[in-house]
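Notes follow the structure.
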Amino acid sequence: MPLRANLKRKYMKIHKFAATSMVMLLSAGAILNNAAAAESEYSFKVTNKTKVKITKLLVSEDKKEWGYFDIGKGIAAGENMTLVWDSSTNNEGCDQYVKAAYADGSESEEAKFNFCEANLELEF
């Protein structure tokens, strides 16, 4: 009997070790997955250096079709805002043309930016 009890204890230790290892691996996988998701978000900062509020931020790959970012009520003069690309744009190129539309009805000239660049900051 003592031999059987010793074997049983060894198997229980092995089982407990395997279960603990599995929990740790799953936890590490979840953390890495969340980190990868955060890294896959493309964000950038926009600063309004003008004296007029930016009401729209327009973007285009080809300068023919323009989409826009949701900037809420706009970016006030002297203020800044961090924007994140929607995941639906993940298959688009890094180089995009951007222009700002202002509260007075004017627009900035378009400028080309590489949105894959880390810590990208746009100034209008």
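Residues -37 to -1, 1 to 87, numbered by mature numbering (1 follows the signal peptide of the UniProt record, and there is no 0), are exactly what the sequence shown covers, in order. In this text, a Cβ means the ideal position worked out from N, Cα and C, and glycines have one as well.
Sixteen is the threshold: since fewer than 16 other Cβ atoms of the shown chains lie within 10 Å of the Cβ of ALA39, the residue is exposed. For GLY41, the closest C-alpha among the options VAL9, VAL22, LYS27, SER69 is that of VAL9. Beta-bridge pairing by DSSP links LEU20 to PHE32, ALA63. Between LYS26 and TYR60, the C-beta gap is smaller than 7 Å, which places the two residues in contact.
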